[in-house]
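Residue numbers (the numbering used here), protein chains in the order written: chain A, 508 to 850; chain B, 101 to 207. Below is one structure; the comments refer to it alone.
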Amino acid sequence: MEPIRSDNIKTDALAEFVGQVLERQGLVIDNMFTMSGGAIQENWRLDYHCSSGAGSLVIRADAKTSVPGSHKKRREFEILSYAWKAGIKVPKPLALCENKDLIGQFFILMEYLPGTTDFEQIKSLINGETLGFELGAELARLHHLQPIELKFLEKAVANPVEDLIGRYRHFFDERDASNPVAEWAMRWCLVRQGNLPPLPEVLVHGDFRTANYLVTSEGFTGLLDWEFSGWGDPYSDLGWFTARCWRYGHETKPAGGIATRDSFYNGYSSVSGEDVDHNRVLFWEVMSLLRWLVIAIQQGDRNFIAGEKDLELGLTGIVRPPEIEMMLLEMTAPNYWPKTSND
Amino acid sequence: MRTLCDQLLLQVKQLVEEKNNMGVELSPNEKKAIQRITKISKSLNSTKLEEQKKLDNNLLDCNVSEDIRLGLCDGNLELYQKLSQHTRSKLERISPESLVGYVALLD
Numbered sequence: 508m509e510p511i512r513s514d515n516i517k518t519d520a521l522a523e524f525v526g527q528v529l530e531r532q533g534l535v536i537d538n539m540f541t542m543s544g545g546a547i548q549e550n551w552r553l554d555y556h557c558s559s560g561a562g563s564l565v566i567r568a569d570a571k572t573s574v575p576g577s578h579k580k581r582r583e584f585e586i587l588s589y590a591w592k593a594g595i596k597v598p599k600p601l602a603l604c605e606n607k608d609l610i611g612q613f614f615i616l617m618e619y620l621p622g623t624t625d626f627e628q629i630k631s632l633i634n635g636e637t638l639g640f641e642l643g644a645e646l647a648r649l650h651h652l653q654p655i656e657l658k659f660l661e662k663a664v665a666n667p668v669e670d671l672i673g674r675y676r677h678f679f680d681e682r683d684a685s686n687p688v689a690e691w692a693m694r695w696c697l698v699r700q701g702n703l704p705p706l707p708e709v710l711v712h713g714d715f716r717t718a719n720y721l722v723t724s725e726g727f728t729g730l731l732d733w734e735f736s737g738w739g740d741p742y743s744d745l746g747w748f749t750a751r752c753w754r755y756g757h758e759t760k761p762a763g764g765i766a767t768r769d770s771f772y773n774g775y776s777s778v779s780g781e782d783v784d785h786n787r788v789l790f791w792e793v794m795s796l797l798r799w800l801v802i803a804i805q806q807g808d809r810n811f812i813a814g815e816k817d818l819e820l821g822l823t824g825i826v827r828p829p830e831i832e833m834m835l836l837e838m839t840a841p842n843y844w845p846k847t848s849n850d
Numbered sequence: 101m102r103t104l105c106d107q108l109l110l111q112v113k114q115l116v117e118e119k120n121n122m123g124v125e126l127s128p129n130e131k132k133a134i135q136r137i138t139k140i141s142k143s144l145n146s147t148k149l150e151e152q153k154k155l156d157n158n159l160l161d162c163n164v165s166e167d168i169r170l171g172l173c174d175g176n177l178e179l180y181q182k183l184s185q186h187t188r189s190k191l192e193r194i195s196p197e198s199l200v201g202y203v204a205l206l207d
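If you want it as structure tokens, here you go:
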């Protein structure tokens, strides 16, 4: 973790705000560190002390530019609060700050949970199969929620696959940069989706993958990064978790690079009461790769077009697209296309 | 691709200058990013101009994207092989390690 250097942070005002939220007088901020976060969000750990003791909290704010589809802070705060009240393992959200005077942007103040999101550390801390089962079960619990009171969430669409592919096509058309591999994979999805019976949409996390949950040697402690949550096909979360792009090269552990499919599927089924449809997961793995392809290109654009001047974003924009395209082609080879009447 | 890589090289130059002026060391991730960018640049530079154009054109000359979208190439083996070969060539130039497995760009 690196100490934060920012002229935008008004430490005294921030300490006063945190003190009010925690109802502690004379609270002093000792340190603030950047935590492992994403390119889209910034998470900072804040260490404090006051007369009744010391503690740590987390501040979650937007990065300089965000990816389309990620929630504004108020929406994310409400979803996180809903999930926490429903008993899903998430850090307790403590307050939403919509005063930019404190750190230069809106932020969520939340509980600091123990654990790591680092893939290598996770592998050394805990049995992956146990963790895979736990994560499957937690995901099924989330998919059982019916957050009808979260009225700001976009309504379910008649055909989520067609809706998403329409958006991706629009993205490529707008950039005026043809991508035949993406077109090939999108067409495969549209042709294949006819074989999938429609499912009622549920509350999905939207970014359920290794690196977005916390683990200690005791197990899974919290699900993080809710900025893409909303209504969706439950299998979109399963397919995102098992997609090749999130296995960290561990092909024998398709479930997030940490577990076999069986452990993850069994965990999910233990709560949902139904078998996981493996073909549907594979279908959503292709949809997931398409999504990650679009995000990778957007991240590159943040460096090359939006001027964020971040070498990692630039590298992502150059290296990831052909890498993901190769994965897409491997999953959509001609023998995986449905037979037509002409065949 | 070449243009984007040149842009990254320029950013690297600016970053190094900036850090030197400030008397601050590059972080491990910055060093790793610079190594990777330099490697990609060398690889692209060693590619013949004609080959580079092919990689950049992304098969646009065939209007292939539109045909795919219209459903005229569903499961077409010949096109599939062409797409695979083209993508593989790009990866070989940019990130040959990716052909073997996932590559962590930075820590």
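The C-beta atom is built at its ideal place from N, Cα and C for all residues, glycine as well. All values derive from a computational prediction rather than experimental measurement.
Could you tell me which chain A residues have their CB closer than 8 Å to the CB of D106 of chain B, listed as they occur along the chain? Numbered from 1 along the second sequence, position 6 holds the residue referred to as residue 106 of chain B. Think of a sphere of 8 Å around the beta carbon of D106 of chain B: no beta carbon from chain A falls inside it, the nearest being about 11 Å out.
Could you tell me whether the Cβ of I825 of chain A comes closer than 7 Å to any Cβ of chain B? Locating residue 825 of chain A in the first sequence gives position 318, counting from the first residue. Taking Cβ atoms only, chain B reaches closer than 7 Å to I825 of chain A, which makes this a yes.
Within chain B, partners of F811 of chain A - CB distance below 7 Å: Numbered from 1 along the first sequence, position 304 holds the residue referred to as residue 811 of chain A. Neighbours of F811 of chain A on chain B, chain order: L104 and Q107.
Contact belief for L199 of chain B with L191 of chain B at Cβ below 8 Å, rounded distance in angstroms: The sequence position of residue 199 of chain B within the second sequence is 99, counting from 1. The sequence position of residue 191 of chain B within the second sequence is 91, counting from 1. Correct: roughly 5 Å between the Cβ atoms.
By the 10 Å Cβ neighbour count, where 16 or more other Cβ atoms means buried, how is G533 of chain A classified, buried or exposed? Translated into positions along the first sequence, residue 533 of chain A becomes position 26. So G533 of chain A ends up on the exposed side.
Identify whether G701 of chain A lies in helix, strand or coil by the three-state DSSP scheme. If you number the first sequence from 1, residue 701 of chain A lands on position 194. Three-state result, G701 of chain A: helix.
Whose Cβ in chain B lies nearer than 8 Å to the Cβ of E819 of chain A? Taking the first sequence and counting its residues from 1, the one referred to as residue 819 of chain A is at position 312. In chain order: N129, A133, L205 and L206.
By DSSP, does E583 of chain A sit in helix, in strand, or in coil? Taking the first residue of the first sequence as position 1, residue 583 of chain A is located at position 76. The three-state reading of DSSP puts E583 of chain A in helix, counting H, G and I together.
Between the CA atoms of L836 of chain A and E118 of chain B - distance to the nearest angstrom: For the purposes of this step, residue 118 of chain B is taken as the residue at position 18 of the second sequence. For the purposes of this step, residue 836 of chain A is taken as the residue at position 329 of the first sequence. E118 of chain B and L836 of chain A have their C-alpha atoms roughly 42 Å apart.
Three or more C-beta pairs closer than 8 Å, one from the segment 776-784 of chain A and one from the segment 645-665 of chain A: is that the case here? yes
Could you check which residue in A:R676, A:F584 and A:N550 has the C-alpha nearest to that of T624 of chain A? On the first sequence, position 117 is the one that residue 624 of chain A refers to. Residue A:N550 is the option with its Cα nearest to T624 of chain A.
For G737 of chain A versus L660 of chain A, is the C-beta distance shorter than 7 Å? Along the first sequence, read from residue 1 onward, the residue named residue 737 of chain A stands at position 230. Along the first sequence, read from residue 1 onward, the residue named residue 660 of chain A stands at position 153. Closer than 7 Å, so yes.
Within 7 Å of any Cβ in chain A, is that where the Cβ of K139 of chain B sits? Residue mapping note: residue 139 of chain B aligns to position 39 of the second sequence, counting from 1. Chain A, which has no Cβ nearer than 7 Å to the Cβ of K139 of chain B, makes this no.
Hey, could you find the ends of the beta strand (DSSP E) S558 of chain A is sitting in? On the first sequence, position 51 is the one that residue 558 of chain A refers to. Counting along the chain, S558 of chain A falls outside any beta strand (DSSP E), and DSSP gives it neither H nor E.
Taking Cβ-Cβ distances shorter than 7 Å, what residues in chain A pair up with G175 of chain B? Taking the second sequence and counting its residues from 1, one reaches residue 175 of chain B at position 75. Ordered by position in chain A, the residues that pass the 7 Å Cβ test against G175 of chain B are P841 and W844.
Nearest candidate by alpha-carbon position, reference H712 of chain A, set A:I595, A:P761, A:F540 and A:E832: As a first step, residue 712 of chain A must be located in the first sequence, where it is residue number 205. Ranking A:I595, A:P761, A:F540 and A:E832 by Cα distance to H712 of chain A puts A:I595 first.
Whose CA, out of A:L822, A:E523 and A:L797, lies closest to the CA of Q806 of chain A? The sequence position of residue 806 of chain A within the first sequence is 299, counting from 1. Nearest option by C-alpha distance: A:L822.
Applying the 10 Å Cβ sphere with the 16-neighbour rule, what's the burial state of L108 of chain B? In the second sequence, the residue the question calls residue 108 of chain B occupies position 8. Counting Cβ neighbours within 10 Å, L108 of chain B comes out buried, since at least 16 surround it.
Report the rounded CA-to-CA distance for F811 of chain A versus P828 of chain A, giving the unit in angstroms. Sequence index remark: in the first sequence, residue 811 of chain A carries index 304 (1-based). Sequence index remark: in the first sequence, residue 828 of chain A carries index 321 (1-based). If I take the Cα positions, the gap works out to 15 Å.
Closer than 8 Å between beta carbons: that is the criterion. Which residues of the segment 189-201 of chain B meet it against chain A? Taking 8 Å as the Cβ-Cβ cut-off, the segment 189-201 of chain B approaches chain A at K190, L191, I194, S195, S198, L199 and G201, given in chain order.
Quick check: the Cα distance between D744 of chain A and V668 of chain A, rounded to an integer number of angstroms? The residue labelled residue 744 of chain A in the question sits at position 237 within the first sequence. The residue labelled residue 668 of chain A in the question sits at position 161 within the first sequence. In a straight line, the C-alpha of D744 of chain A is about 14 Å away from that of V668 of chain A.
Is the shortest distance between the beta-carbon of P460 of chain A and the beta-carbons of chain B less than 7 Å? Chain A is shown only over 508 to 850; residue 460 of chain A falls outside these bounds and no answer can be derived.
On the CB-based measure, 16 or more other CB atoms within 10 Å of its CB, does V124 of chain B come out buried or exposed? Looking up residue 124 of chain B in the second sequence gives position 24. Counting Cβ neighbours within 10 Å, V124 of chain B comes out exposed, since fewer than 16 surround it.
Beta-carbon of V116 of chain B versus every beta-carbon of chain A: anything under 7 Å? Residue mapping note: residue 116 of chain B aligns to position 16 of the second sequence, counting from 1. Not an interface residue.
With distance defined between alpha-carbon atoms, name the residue in B:R188, B:K132, B:K142 and B:L179 nearest to L866 of chain A. The structure shown does not extend to residue 866 of chain A, since chain A spans only 508 to 850, so no value can be given for it.
Among the residues of its own chain, which have a CB less than 7 Å from the CB of Q527 of chain A, if the five just before and after it don't count? Walking along the first sequence from the start, residue 527 of chain A turns up at place 20. Cβ neighbours of Q527 of chain A within its own chain (closer than 7 Å, five residues either side excluded): none.
So, helix, strand or coil for C173 of chain B, using DSSP? Counted from its first residue, the second sequence places residue 173 of chain B at position 73. Coil at C173 of chain B, not helix or strand.
Residue from B:Q135, B:N129, B:D174 and B:Q114 with nearest C-alpha to A840 of chain A: For the purposes of this step, residue 840 of chain A is taken as the residue at position 333 of the first sequence. When each option's Cα is compared against that of A840 of chain A, the closest is B:D174.
List the whole-angstrom C-beta distance separating G622 of chain A from V722 of chain A, where the pair is believed to meet the contact cut-off of C-beta under 8 Å. Within the first sequence, numbered from 1, the residue matching residue 622 of chain A stands at position 115. Within the first sequence, numbered from 1, the residue matching residue 722 of chain A stands at position 215. Rounded, the Cβ-Cβ distance is 5 Å, consistent with contact.
Residues near L703 of chain A in its chain [Cβ-Cβ closer than 7 Å; skip 5 each side]: For the purposes of this step, residue 703 of chain A is taken as the residue at position 196 of the first sequence. Here L703 of chain A has R787 and F790 as same chain residues with Cβ atoms under 7 Å from its own Cβ, once five neighbours each way along the sequence are excluded.
Just to confirm my understanding: we take E605 of chain A, look at its own chain, exclude 5 residues before and 5 after, and list those with CB closer than 6 Å. What are they? Here residue 605 of chain A refers to the residue found at position 98 when the first sequence is read from its first residue. F613, listed in sequence order.
Just the Cα atoms here: how many angstroms apart are P510 of chain A and L206 of chain B? Stepping through the first sequence from its first residue, residue 510 of chain A is reached at position 3. Stepping through the second sequence from its first residue, residue 206 of chain B is reached at position 106. Confidence at P510 of chain A is low in this model, with a pLDDT of 49, below 50, so the placement of that residue is unreliable and no value is reported for it.
W799 of chain A, enclosing alpha helix (DSSP H) - first and last residue: As a working mapping, residue 799 of chain A is identified with position 292 in the first sequence. Looking at the DSSP string, the run of the alpha helix (DSSP H) that includes W799 of chain A is H785 to F811.
Kindly identify the DSSP beta-bridge partner or partners of I615 of chain A. Numbered from 1 along the first sequence, position 108 holds the residue referred to as residue 615 of chain A. Looking at the DSSP assignment, I615 of chain A forms a beta bridge with A:R567 and A:L603.
Residue span of the beta strand (DSSP E) that contains I536 of chain A, given as start and end: Here residue 536 of chain A corresponds to residue number 29 of the first sequence, with the count starting at 1. Note, I536 of chain A: beta strand (DSSP E), V535 to T541.
List, in order along the chain, the chain A residues whose C-beta lies closer than 7 Å to that of S184 of chain B? Residue mapping note: residue 184 of chain B aligns to position 84 of the second sequence, counting from 1. What S184 of chain B touches in chain A: L836.
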